[in-house]
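Below: the structure, in structure tokens.
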Amino acid sequence: MRMMYAVYKKKIILLIDEYDVPLAKASEKDSVKNRYYSRMLDVMKGILGTSLKDNEYLQFAVITGCLRIAKDTAGVPWQSIFTGTNNFVSYSVLDNEFSGYFGFSNEEVERILGAAESRGKAGLIREWYDGYVFGNSYVYCPWDVINYLSALRKNRDARPKNYWKNTSHNGILLTFVKRTDFKVKGKFETLMNGGTIVQTISDELTYDTLHSSEESLWSVLLMTGYITKADSEEEGDTVSLKIPNREIRSIFEDTVVRLFRETVDADKQRSMMDAFWNRDEEGAGKMLSDLLWKTISYNDYHEDYYHAFLAGAFVGIGYEVESNKEKGLGRPDIVLKDEDNRRAIIIEAKKSGSESEMDKDCEEALKQIVTKKYAEGLYGYEQVLSYGIAFFQKQARVRRLTE
Numbered sequence: 249m250r251m252m253y254a255v256y257k258k259k260i261i262l263l264i265d266e267y268d269v270p271l272a273k274a275s276e277k278d279s280v281k282n283r284y285y286s287r288m289l290d291v292m293k294g295i296l297g298t299s300l301k302d303n304e305y306l307q308f309a310v311i312t313g314c315l316r317i318a319k320d321t322a323g324v325p326w327q328s329i330f331t332g333t334n335n336f337v338s339y340s341v342l343d344n345e346f347s348g349y350f351g352f353s354n355e356e357v358e359r360i361l362g363a364a365e366s367r368g369k370a371g372l373i374r375e376w377y378d379g380y381v382f383g384n385s386y387v388y389c390p391w392d393v394i395n396y397l398s399a400l401r402k403n404r405d406a407r408p409k410n411y412w413k414n415t416s417h418n419g420i421l422l423t424f425v426k427r428t429d430f431k432v433k434g435k436f437e438t439l440m441n442g443g444t445i446v447q448t449i450s451d452e453l454t455y456d457t458l459h460s461s462e463e464s465l466w467s468v469l470l471m472t473g474y475i476t477k478a479d480s481e482e483e484g485d486t487v488s489l490k491i492p493n494r495e496i497r498s499i500f501e502d503t504v505v506r507l508f509r510e511t512v513d514a515d516k517q518r519s520m521m522d523a524f525w526n527r528d529e530e531g532a533g534k535m536l537s538d539l540l541w542k543t544i545s546y547n548d549y550h551e552d553y554y555h556a557f558l559a560g561a562f563v564g565i566g567y568e569v570e571s572n573k574e575k576g577l578g579r580p581d582i583v584l585k586d587e588d589n590r591r592a593i594i595i596e597a598k599k600s601g602s603e604s605e606m607d608k609d610c611e612e613a614l615k616q617i618v619t620k621k622y623a624e625g626l627y628g629y630e631q632v633l634s635y636g637i638a639f640f641q642k643q644a645r646v647r648r649l650t651e
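Have a look at this one:
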């Protein structure tokens, strides 16, 4: 900054993006032994103190990050990375000022779609990437809009997808829902069913206290975009919250499946597998239904969710599990291989619109296995069992293809 001033004779505007990432990374790896977090605080104090305090070459600075700038940690001023820096004005997603700059407005998206000759995709983009309420503004996630429009340039029929999966630390959701002391399962169910919850939010957080309370974790989910305000007119610290759009809902669904995989009883998994190998359709269906009842409930079940649920039900008990791999003339949902005993199971799953349709959908699944010749890809296996499974909400019905 001193050199720039010497050349241009103008004071410098300093932009610092994601100022809190070093602290987040240090917090993830912290321990009593290595003290990463406290050491990183010292590093950041030095950098920011030099940049912002008594800097005669500085016009002003704009600093951005997921968490709002906190002047101290748990009331201990010496821990602040901004000690001695004055004249801060801080804005979060709860504030009205500058709220429209956190994302694209509807008018901006319409102009972008017009320029990209993709106005016909407006409904899909709204369903997947809109829904954020920051302050008194309604905005789309700009990262997603740009990525989807880039995909449309290559393929005019490209479908929206989740662009957050590889860019966000989605583990925070799993950590949250596994905290039995917080009792948040019912709130997750409400959100995933399209409802709203009311929470007190704090917009001044620091990484060493994120997991100290339920209030802090809900606040983090809000600040990082996993949930949003339900009403732009609400003000204050107590607000209604919701899941903003289909993309984020899919992340919640993935979290539920992961939670299921990590907590499912291995003995019950093995009992369910015994039922499948022994051609016990009723027993297998009952055990699958029992497992469904132990997951977080929500109404918007769809075929992809049940597919992921099935894959999770079979993982980790000694079988090779293939999901949507090419076999015959198509891709079966699940193929289980027991190579030691040269036997395999093919599963095709359907989502039923009502309980009365479950038997018909099982038959449709079995018909698909036959017509697509899924079993022809399993050369050398002495026993191949084929099952059609129909799901309706938390019920599973299993039917076997008879020889």
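Per the numbering used here, the sequence shown runs over residues 249 to 651.
We treat Cβ as the ideally placed atom computed from N, Cα and C, and that holds for glycine.
For the alpha helix (DSSP H) holding I499, just list the boundary residues, first then last.
R494 to T511
Taking the C-alpha atoms as reference points, what is the distance between L372 and E510? 33 Å
TODO: Compare the C-alpha of D586 against each of T486, R497, G628 and D528 and name the closest.
DONE: If we check each option's Cα against that of D586, G628 comes out closest.
Does the Cβ of I295 have 16 or more other Cβ atoms within 10 Å, making it buried, or fewer, making it exposed? exposed
### Task
Report the residue ranges of all beta strand (DSSP E) runs contained in full by the stretch 373-457; include only those spanning at least 3 residues, in chain order.
380-382, 385-387 and 445-448, all fully within the stretch 373-457.
Three-state class that DSSP yields for V324 in the structure shown:
With a pLDDT of 47 at V324, under the threshold of 50, the predicted position of this residue should be treated as unreliable, and no value is reported.
*Mark G362 as exposed unless 16 or more other C-beta atoms lie within 10 angstroms of its C-beta, in which case mark it buried.*
By the neighbour-count rule (16 or more Cβ atoms within 10 Å), G362 is not buried but exposed.
* In chain order, what residues of the same chain lie with their CB nearer than 8 Å to the CB of L400, ignoring the 5 residues before and after it? -> A364, S366, K369 and A406
Legend entry - Per-residue DSSP class, three states only, for S467: helix
Checklist line | Pair within 8 Å by beta-carbon distance, G348 and P390 | finding: no
Q) Which two residues bound the contiguous beta strand (DSSP E) that contains R647? A) Q643 to R648
### Message
Just list the residues that DSSP pairs D586 with in beta bridges.
### Response
R591
- Item | Proximity winner among S488, M288, V432 and Q643, relative to T448 (alpha-carbon distances) | Checking every option, the nearest Cα to that of T448 belongs to S488.
Anyone know if the C-beta pair for G660 and N410 falls short of 8 Å?
-> The first residue shown for the chain is 249 and the last is 651, placing residue 660 beyond what the model contains.
Any beta-carbon of chain C closer than 8 Å to the one on M535? In summary, chain C is missing from the structure at hand, where a single protein chain is found.
Could you give the distance in angstroms between the alpha-carbon of F460 and the alpha-carbon of R518?
-> Reading off the sequence shown, one finds Ser at residue 460, where the question assumed Phe. In a straight line, the C-alpha of S460 is about 37 Å away from that of R518.
Cα-Cα, which of V569, N303, I496 and T457 is closest to S286?
Checking every option, the nearest Cα to that of S286 belongs to T457.
So V512 and A561 are supposed to be a Cβ contact under 8 Å. How far apart are they, rounded? 7 Å
request  = Determine the direct distance from the alpha carbon of F436 to that of T476, and round the result to whole angstroms.
outcome  = 14 Å
ask   = Which class does F350 belong to by DSSP, given the choice of helix, strand or coil?
value = coil
Over the uninterrupted beta strand (DSSP E) stretch that includes L306, give me the two end residues. L306 to I311
Between which two residues does the beta strand (DSSP E) holding S488 run? Where S488 is concerned, the enclosing beta strand (DSSP E) stretches over T486 to K490.
Practice task
Would you mind sorting D581 into buried or exposed? The rule is 16 or more other CB atoms within 10 Å of its CB.
Solution key: buried
Original post:
Would a C-beta distance cut-off of 8 Å place P309 and L315 closer than the cut-off?
Top reply: First, the residue type needs correcting, since residue 309 is Ala and not Pro in the sequence shown. No.
Quiz item: Pairing CB atoms from the stretch 419-430 with CB atoms from the stretch 489-505, are three or more of them under 8 Å?
Solution: yes
Under 6 Å Cβ to Cβ from S634, same chain only, skipping five residues before and after it: list those, please.
So the list reads I594, I617 and L649, once near-sequence residues are dropped.
Review point. If we count the other Cβ atoms within 10 Å of its Cβ and call it buried at 16 or more, is Y386 buried or exposed?
Key: That one is buried.
*Starting from the C-beta of C610, find all residues in its chain whose C-beta is less than 8 Å away, skip the five residues before and the five after it, and write them out in chain order.*
Cβ neighbours of C610 beyond the five flanking positions: K598, G636, I637, A638, R645, V646 and R647.
Let me know the secondary structure DSSP gives I237 once reduced to three states. What is shown of the chain runs 249 to 651, which leaves residue 237 out entirely.
Among A274, T298 and V269, which residue has its Cα nearest to the Cα of S250? Correcting the residue type first, residue 250 is Arg in the shown sequence and not Ser. Looking from the CA of R250, the closest CA among A274, T298 and V269 belongs to T298.
| request: For the alpha helix (DSSP H) holding V341, just list the boundary residues, first then last. | output: If you look at V341, you'll find it isn't in any alpha helix (DSSP H); DSSP assigns it neither H nor E.
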